[in-house]
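Visitor:
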Ligand code: URA
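In our numbering, the protein residues as written are 28 to 277.
Okay, structure coming up:
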């Protein structure tokens, strides 16, 4: 059976729009499944929709969303390049913190989204998103650093709304997002190393024709060909200096 990612994501979004798994379904205006390219290399996971997201059914469209666009620009990315979603798909009343029961009810949706997108890099925005992957960590300790698990890079970041309340976090967040291009390049290199190496040129070329057997004097043997120049088959080099631009966390 062929896995149709678009159709699978559309089916999931439709289930989120009609979801009644927890009491937030009674107070929401619209649920917010998430949006972005199905083959995005980078996936951003926020906390929960706010008042504007609840009205529009789209993630990060308010003030925090404007700052998120600025942060992405600092990383050389735009919203169209990334998949954006949240831990909770519905707004908690008065933007209160998500409850464990709500996180649990929503968690299969997020897991399915990660499976469908299969991103190289997951950026968590804020404590609740970080806690899904790193429940015993604190954001102030690990923000802007990277953990690689099963070929995927996880990068915990502060929530953009935090910088709207604590002005000193603005520059910290911008600095963290500026590391993303290096993290992404490193993740791409790692993914390439998992792929089978391309066939060496000689192996890819058709076999030489067998020369016809002729009687009589044979031409003098020609000098052996000089070794080919250009890229030679062999192991793909170890990650470049991109790794020196960011820090791993334990
Ligand atoms: N904050 C979030 O965590 N998500 C949104 O979509 C908007 C604000």
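Even for Gly, the Cβ is constructed at its ideal location relative to N, Cα and C.
1. Please classify residue 73: does DSSP put it in a helix, a strand, or coil?
2. Taking any heavy atom of ligand 1 as the mark, which residues have a C-beta closer than 7 Å to it, listed down the chain?
3. Compute the beta-carbon to beta-carbon distance between residue 173 and residue 185, rounded to the nearest angstrom, for a pair I have assumed lies under 8 Å.
4. For residue 164, tell me which candidate among 276, 211, 70 and 77 has the shortest Cα-Cα distance.
5. Cβ of residue 118 within 9 Å of Cβ of residue 77?
6. Please work out which residues of its chain come closer than 8 Å, Cβ to Cβ, to residue 162, disregarding the five sequence neighbours upstream and downstream, and give them in chain order.
7. Give me the Cα-Cα distance between residue 48 and residue 139, rounded to the nearest whole angstrom.
8. Does the separation of the CB atoms of residue 39 and residue 143 fall below 9 Å?
9. Grouping DSSP H, G and I as helix and E and B as strand, with all else coil, what is residue 148?
10. Hey, residue 156 and residue 73: beta-carbon distance below 9 Å or not?
11. According to DSSP, is residue 68 part of a helix, a strand, or is it coil?
12. Quick one: measure Cβ to Cβ for residue 75 and residue 113, integer angstroms, because I've assumed they're closer than 8 Å.
13. In whole angstroms, give me the CA-to-CA distance for residue 61 and residue 175.
14. Contact check, residue 146 vs residue 212 under 8 Å by CB: the rounded distance?
15. Taking its Cβ as the centre, do 16 or more other Cβ atoms sit within 10 Å of residue 55, making it buried, or is it exposed?
16. What would DSSP say about residue 250, mapped onto helix, strand or coil?
17. Determine, using beta carbons only, whether residue 187 and residue 91 come nearer to each other than 9 Å.
18. Taking the C-alpha atoms as reference points, what is the distance between residue 206 and residue 109?
19. With which residues is residue 179 paired in a DSSP beta bridge?
20. Would DSSP call residue 112 helix, strand or coil?
21. By the three-class DSSP mapping on this structure, what secondary structure does residue 235 have?
22. With a threshold of 6 Å on Cβ separation, who are the neighbours of residue 32 within its own chain once the five nearest residues in sequence on each side are excluded?
23. Using only CA atoms, which one of 215, 199, 57 and 141 lies nearest to residue 35?
24. Indicate the three-state DSSP secondary structure (helix, strand or coil) for residue 62 in the structure shown.
25. How many angstroms separate the CA atom of residue 203 from the CA atom of residue 192?
26. Considering just the uninterrupted stretch of the alpha helix (DSSP H) at residue 43, what are its terminal residues?
Guide: The relevant details are as follows:
1. strand
2. 59, 73, 74, 75, 76, 77, 80, 86, 87, 89, 91, 92, 113, 152, 153, 186 and 188
3. Going by Cβ atoms, the distance from residue 173 to residue 185 rounds to 15 Å, so no, they are not a contact pair.
4. 276
5. yes
6. none
7. 16 Å
8. yes
9. strand
10. yes
11. coil
12. 5 Å
13. 24 Å
14. Actually they are not in contact, since the Cβ atoms of residue 146 and residue 212 sit about 15 Å apart, beyond 8 Å.
15. buried
16. Because the pLDDT at residue 250 is just 40, under 50, the model does not fix this residue reliably, and the value given afterwards should be weighed accordingly. Reduced to three states, the DSSP call for residue 250 is coil.
17. yes
18. 16 Å
19. 176
20. strand
21. Reliability fails at residue 235, whose pLDDT of 45 lies under 50, so the model's placement of it is uncertain and no value is given.
22. 65 and 143
23. 141
24. strand
25. 18 Å
26. 32-44
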